[in-house]
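Here is the structure we will look at.
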Amino acid sequence: MPALVIDSVTTQGRGPYSVRVKGGLCLGLSGPSGAGKSLLLRAITDLDEHEGRVALIDAAGEVDAMSISGPEWRRRIGYLPARVVWWFPTVGAHFDGFEIDERWLASMELERSALEWPIARLSSGESQRFALLRLLVRRPQALLLDEATAHLDPDRTLAVEELIGHYRSEHDAPVIWVTHDPEQLSRVAQSTAILGSAGLRFSSGPPGSAA
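Now the structure itself:
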């Protein structure tokens with residue numbers, strides 16, 4: 361069964377963190393500001409220095425993050441940071457070589473014509489939704505989401521939750537979702553954990569429901 365394995369990961373003096381998130385399930389992660397939730401996601405994505413083991417398991421076997429290059433690992437692990445970063449002047453340039461499902465555009469209430477826009481024209485909510493689509497079109501095997509709906513109204517928040525739910529079910533993708541919203545946690549996660557400087561404390565659902 362597909363899974364994302366985090367084993368005794370430490371980063372910037374925090375941890376160790378250990379959890380195994382099964383494919384198709386979501387672990388909701390909360391905790392006080394500054395506890396290190398974003399740092400953990402960056403460590404899993406191999407963007408920051410860390411110790412410990414991170415691996416993906418799929419039908420072909422197990423791939424350890426340290427066994428392949430950083431860029432190749434990040435093609436497998438889809439990371440949506442709290443602060444969206446764009447590299448090119450237009451929206452569409454970030455989708456070159458990838459086809460966006462019309463149903464995804466419709467569910468996000470985004471027009472295909474907006475691909476022609478300069479990045480500066482996007483509202484914070486549009487930027488967040490396009491960033492999610494930029495992630496999903498690459499078909500990552502796992503998703504790491506850091507406050508993925510922070511700039512969205514309630515209706516669009518629910519639409520994003522639904523899209524991510526469909527994606528993880530269709531692709532059997534393990535998901536770690538960081539949010540401060542307890543109601544969102546109850547909607548999207550099969551298991552939840554509170555992150556502290558010394559580890560993870562599971563707060564709802566036995567670890568086995570995501571681990």
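By the count of the working numbering, the sequence shown reaches residue 571 at its end, each step adding exactly one. Yeah, the Cβ is synthetic: ideal placement off N, Cα and C, and Gly gets one too. On a predicted model such as this, the values are computed, not experimentally measured, just so you know.
Between GLY391, TYR377, LYS382 and ARG499, which has its C-alpha nearest PRO362's C-alpha?
LYS382
Contact check, THR371 vs ALA403 under 8 Å by CB: the rounded distance?
4 Å
Give a yes or no on contact between the stretch 497–510 and the stretch 468–482, applying the rule of three or more CB pairs nearer than 8 Å.
no
For LEU407 versus ALA508, is the C-beta distance shorter than 8 Å?
no
Judging by CA-CA distance, which residue of ALA480, VAL538, ARG547 and ARG436 is the nearest neighbour of LEU401?
VAL538
With a cut-off of 8 Å, do at least 3 Cβ pairs link the stretch 376–393 to the stretch 552–560?
yes
State the beta-bridge partners of TYR377 as determined by DSSP.
In DSSP, TYR377 forms a bridge with VAL369.
Could you give the distance in angstroms between the alpha-carbon of ASP506 and the alpha-carbon of SER398?
7 Å
So the alpha helix (DSSP H) TRP433 belongs to, where does it begin and stop?
430–436
Put GLY457 into one of helix, strand or coil per three-state DSSP.
coil
Going by the CB atoms, is the gap between SER484 and HIS526 shorter than 8 Å?
no
With GLU462 as the anchor, note down where its alpha helix (DSSP H) starts and where it stops.
462–467
Could you tell me whether the Cβ atoms of GLY412 and VAL445 are closer together than 8 Å?
Taking 8 Å as the cut-off, the beta carbon of GLY412 is found no closer than this to the beta carbon of VAL445.
Out of LEU495, LEU545, ARG494 and ASP367, state which residue places its alpha-carbon closest to the alpha-carbon of THR517.
LEU545
Check for me: the beta strand (DSSP E) holding ALA502 runs from which residue to which?
Where ALA502 is concerned, the enclosing beta strand (DSSP E) stretches over 502–506.
Go to GLU522, then tell me how far its alpha helix (DSSP H) extends in each direction, as first and last residue.
514–531
Taking ILE524 as the reference, give the member of ASP513, PRO514, LEU496 and GLU543 with the closest Cα.
LEU496
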